[in-house]
Structure formats: C-alpha cells, structure tokens
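Chemist:
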Amino acid sequence: MKNQLLLLASFALVFAGCSSDEETMPTPAAPEAATYKIINNGNGGVTTVSDEADAASLQIAQAIPSVSGRVYPSNMPIVFFLDDKILLSSITTESFIVKENNVAKGGTISVNEASNGFAIFTFTPKHAFKPNAAIDIILTTDLKDDGGNGFDQQVSYNYTTSALQPASFDTNGGFENGADGVNFIGDGNIMTSPQGCMAPFEGSNFGAISTGDHLISADDAIGGASSVMIVGPIAEPVSSITFNYNFLSAEFQEYVGSVYDDSFVVIVYGDDGAYTEMVNSVNLIGLDGNTQCTGFPGMADAGDEYYGATGWLNKTMSFPSVGANAHVIFIATDVTDQIFSTIVGVDDVSFGN
Numbered sequence: 001m002k003n004q005l006l007l008l009a010s011f012a013l014v015f016a017g018c019s020s021d022e023e024t025m026p027t028p029a030a031p032e033a034a035t036y037k038i039i040n041n042g043n044g045g046v047t048t049v050s051d052e053a054d055a056a057s058l059q060i061a062q063a064i065p066s067v068s069g070r071v072y073p074s075n076m077p078i079v080f081f082l083d084d085k086i087l088l089s090s091i092t093t094e095s096f097i098v099k100e101n102n103v104a105k106g107g108t109i110s111v112n113e114a115s116n117g118f119a120i121f122t123f124t125p126k127h128a129f130k131p132n133a134a135i136d137i138i139l140t141t142d143l144k145d146d147g148g149n150g151f152d153q154q155v156s157y158n159y160t161t162s163a164l165q166p167a168s169f170d171t172n173g174g175f176e177n178g179a180d181g182v183n184f185i186g187d188g189n190i191m192t193s194p195q196g197c198m199a200p201f202e203g204s205n206f207g208a209i210s211t212g213d214h215l216i217s218a219d220d221a222i223g224g225a226s227s228v229m230i231v232g233p234i235a236e237p238v239s240s241i242t243f244n245y246n247f248l249s250a251e252f253q254e255y256v257g258s259v260y261d262d263s264f265v266v267i268v269y270g271d272d273g274a275y276t277e278m279v280n281s282v283n284l285i286g287l288d289g290n291t292q293c294t295g296f297p298g299m300a301d302a303g304d305e306y307y308g309a310t311g312w313l314n315k316t317m318s319f320p321s322v323g324a325n326a327h328v329i330f331i332a333t334d335v336t337d338q339i340f341s342t343i344v345g346v347d348d349v350s351f352g353n
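In the UniProt record's numbering, the protein residues as written are 1 to 353.
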C-alpha cells in the first residue's frame, strides 16, 4: 500500500511538472511589423501635389525584376523607373507591399531623380531575403504621382530567390580573380581582354553588363532591357565606394535628349541600410560627352553605325555607413525601349569606412 501511494505521488508530481511547463512555455514572438525608411535624393519625390494639370495615370517605364515567375539571387534589389515624380506621402506599407513567403517585409526605399526628372524607386529589405523564398511585390493604385494620379490598376510581380555563391569580393576590386564575389543577372560577364574601344582600366580584367541580349555573355538581359552585377560581401562597414566605369551606347547620338534614356544605377546596401544613386545616362552624357567607338563585338546592335563611349570615368559615392556585409549592385537598364543597347564596364572598385 505504501509503495502504491509513493507511485501515485510520483505520477502526481510528474503530471504537475508537465502542467507547470505547459503553463510557462513562452509564446512565439509575433513577426516584426513591416516599416519603411524613405530616402529622397533629388527632386524625383515630391511632398505635395504640384502638377494639377497632369491627368495621366502613373506608369512603370522599366522594372527590375521585370519578368515574373523566374528565379533571381536573394540579394537582388527591387527597382522601378517611373514615368513621373512620386508623391512621397503616398508611399506606405499599404500602397507598396513586399512579401517573403507571404510575410510582409520592411526596408529602405530610395527615391532618386532620373535625368528626365522622374523617380527611380528602389527597395532593399531590412533583412536580406532567404534563399528559395517566394517574393511577391504589389504596387496599388494608392501610389500617386505629383499630379495625384495613380496606376490604372494594381501592378504585381513575383519571383523565387536563389542563394549567392559564398565568395568574398574584398580582394577582387580589379576583377583579376575572375568572378570571386561577383554575380550576374542578365547579360553580364568578366571581360578578360580588350573589346574594341573598351579595354580594362587597369590589369587584365573588368566587369561588364549590357542592356541587350547575349552581347557579352550567353544570357539575355532581364526582360530584354536590364542587367545586374552584384559584388560582395565586403566584411568591414562601408560608407563610400570608388570605381571607374565606361559607358558605351548605341543610343548616341540620335537619341540624346529623348525618352530612350539608357541609365547606369548603383545601389550599396549592408546590415545597417542602403543607398542608391543614378550615376549616369545617355541624356546626362549628351552629345559632347562621348566619342565614336569601334570594334566592340555585336555593336552597334540595332542602331546605325555610330555608337559612342565615354571612356573611363572615376566615380566616388559617399553616404551614411550601410554597415558590414555590404553588397554593391551595378545596374544597366534600357528605359522605355528594348533596342539600341548600352554596355557599362566597371573596374578598380574600392571601399571606404
């Protein structure tokens, strides 16, 4: 009898212990609320409705990614070239929605001014997308331009992410180590010899991206219009980047000053934020900023015999530190059309903190 009572008491203690554990088990934390940090560089974003004569709906001239249903690297940014300025107060978590596996994501939205004065809208997530994640992007009709006009209808994109190769770019700023720490989306490649008028700035190699189809690789530009080169990660915190670039285009000279303004955009992002800048474009370079190029394979694409290049130009971008584990994203995009291609060479990349 005594043994039975002891056994019953032991069961009671075990049961009580289990009940206590269940009562004190922590509740899973709710997902972090999605919020946006909005940075306006230039006059592409406005604070009030200022163009009351404008009755045209807002439209996307070019998007990255522009093709839904495909697989893209997990750290590829989301970029929209709009056909007007954007009303900053209309950018909310309800009007612009990014979801990862159906969970809303916050991050940094940079609004830059293109050469035509219109907005370049760039989103980078606060925390990088996971590999093999389903990404959904929704732009609602509540996003407005400077005339108070929205899209005719909701616009949406979707894609799946892939993992990046686990290599560092810390010692490959001249691309002499080939593709170490370098990922291309679209038509991009490490060029290992001079290409007509475009030779390496220094050393033997340089990175290049084009807005065309298999001009410098076996791949096509995204949607026939944009290509991306992603370099990184950079271990130390980054607050500046210096590089040399060479901008070559079939849009010179006949399309200078037109809406067909091929552009070169650079995005830097790390653990603590992001920064975007439109570095140059056909219209900004103009008639006098380029000289005729010859001998680049595949050019002048669908244009006339003349295609021009700037030669190597030096660029330094300074910004509040984006933190460590930074990546730099170089984008060449064909705005409005999908012909008359542009090629951008990049070399001698270095970082400051």
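We treat Cβ as the ideally placed atom computed from N, Cα and C, and that holds for glycine.
Using only the alpha-carbon positions, how far apart do residue 194 and residue 183 sit?
Modeler: Between residue 194 and residue 183, the C-alpha separation is close to 21 Å.
Chemist: Output the distance between the C-alpha atoms of residue 332 and residue 166, rounded to the nearest integer angstrom.
Modeler: Spanning the two alpha carbons is a distance of roughly 24 Å.
Chemist: Check the DSSP bridge columns for residue 315 and list the partner residues they point to.
Modeler: 243, per the DSSP bridge assignment.
Chemist: Mark residue 349 as exposed unless 16 or more other C-beta atoms lie within 10 angstroms of its C-beta, in which case mark it buried.
Modeler: Residue 349 is buried by the Cβ-count criterion.
Chemist: What residue range is occupied by the uninterrupted beta strand (DSSP E) comprising residue 414?
Modeler: Nothing can be reported for residue 414, as the shown portion of the chain is limited to 1 through 353.
Chemist: Reducing DSSP to helix, strand and coil, say where residue 22 ends up.
Modeler: Annotation note: pLDDT 49 at residue 22 (below 50); position unreliable, coordinate value reported separately. In the structure shown, residue 22 sits in a helix (DSSP, three-state: H, G or I).
Chemist: Look up residue 125 in the DSSP assignment and give the residues it is bridged to.
Modeler: In the DSSP output, where bridge partners are listed per residue, residue 125 has 107.
Chemist: Over what stretch of residues does the beta strand (DSSP E) that includes residue 164 continue unbroken?
Modeler: Looking at the DSSP string, residue 164 is not in any beta strand (DSSP E), and its letter there is neither H nor E.
Chemist: Just to confirm my understanding: we take residue 116, look at its own chain, exclude 5 residues before and 5 after, and list those with CB closer than 8 Å. What are they?
Modeler: Contacts found: 259, 261, 283.
Chemist: Residue 204: which of 219, 172, 334 sits nearest, CA to CA?
Modeler: Measuring from the Cα of residue 204, the nearest candidate turns out to be 172.
Chemist: With a CB to CB cut of under 7 Å and the five nearest residues on each side skipped, what residues in its chain are close to residue 324?
Modeler: For residue 324, where only same-chain residues beyond five positions count, the Cβ hits under 7 Å are 235, 236, 237, 270, 271.
Chemist: Can you list, in chain order, the residues of its chain with a C-beta nearer than 7 Å to that of residue 322? Leave out the 5 residues immediately preceding and following it.
Modeler: For residue 322, where only same-chain residues beyond five positions count, the Cβ hits under 7 Å are 238, 268, 269, 270, 272, 273, 274, 275.
Chemist: Taking 8 Å as the cut-off, decide whether the C-beta atoms of residue 41 and residue 110 are in contact.
Modeler: Yes, Cβ-Cβ distance for residue 41 and residue 110 is below 8 Å.
Chemist: Which runs of the beta strand (DSSP E) at least 3 residues long sit entirely within the region 145 to 199? Give them in chain order.
Modeler: Counting whole runs of 3 or more residues, the region 145 to 199 contains the beta strand (DSSP E) stretches 155 to 162, 182 to 185, 188 to 191.
Chemist: Roughly how far, in whole angstroms, is the beta-carbon of residue 161 from the beta-carbon of residue 201, given that I think they are within contact range, below 8 Å?
Modeler: In fact, because the Cβ distance is near 32 Å, the residues do not count as touching under 8 Å.
Chemist: Would residue 21 be called buried (16 or more neighbouring beta carbons within 10 Å of its own) or exposed?
Modeler: Residue placement at residue 21 cannot be trusted, given a pLDDT of 48 that sits under 50; what the coordinates show is reported in the next sentence. Classification of residue 21: exposed, given that the 10 Å Cβ count is below 16.
Chemist: Excluding five sequence neighbours on each side, which residues of the same chain lie with their C-beta closer than 7 Å to the C-beta of residue 67?
Modeler: The answer, listed in chain order, is 222, 223.
Chemist: Indicate whether residue 227 and residue 178 have their beta-carbon atoms separated by less than 8 Å.
Modeler: Cβ distance not < 8 Å, so residue 227 and residue 178 don't count as in contact.
Chemist: Just the C-alpha distance for residue 140 and residue 151, rounded to the nearest angstrom, thanks.
Modeler: Looking at the two C-alpha atoms, the distance is approximately 7 Å.
Chemist: Smallest Cα separation from residue 180: which of 230, 154, 159?
Modeler: Ranking the options by Cα distance to residue 180, first place goes to 230.
Chemist: Taking Cβ to Cβ, would you say residue 107 is nearer than 8 Å to residue 36?
Modeler: Contact: yes.
Chemist: Can you say whether residue 131 is buried or exposed, counting buried as having 16 or more other CB atoms within 10 angstroms of its CB?
Modeler: Counting Cβ neighbours within 10 Å, residue 131 comes out exposed, since fewer than 16 surround it.
Chemist: Less than 8 Å between the beta carbons of residue 248 and residue 309, yes or no?
Modeler: For residue 248 and residue 309, yes; Cβs fall inside 8 Å.
Chemist: Is DSSP giving residue 228 helix, strand or coil here?
Modeler: Note: residue 228 maps to strand in three-state DSSP.
Chemist: Shortest alpha-carbon distance to residue 280 belongs to which of 293, 342, 214?
Modeler: For the residues 293, 342, 214, the minimum Cα distance to residue 280 belongs to 342.
Chemist: In chain order, what residues of the same chain have a beta carbon less than 7 Å from the beta carbon of residue 287, not counting five sequence neighbours either side?
Modeler: The answer, listed in chain order, is 253, 256.
Chemist: With a 10 Å radius around its C-beta and 16 neighbouring C-beta atoms as the bar for buried, classify residue 125 as buried or exposed.
Modeler: Looking at its Cβ environment, which holds 16 or more other Cβ atoms inside 10 Å, residue 125 is buried.
Chemist: Quick check on the burial criterion: 16 or more other C-beta atoms within 10 angstroms. Buried or exposed for residue 71?
Modeler: The residue in question, residue 71, is exposed, as its Cβ has fewer than 16 Cβ neighbours within 10 Å.
Chemist: With a Cβ-Cβ cutoff of 8 Å, do residue 146 and residue 51 count as a contact?
Modeler: Cβ distance < 8 Å, so residue 146 and residue 51 count as in contact.
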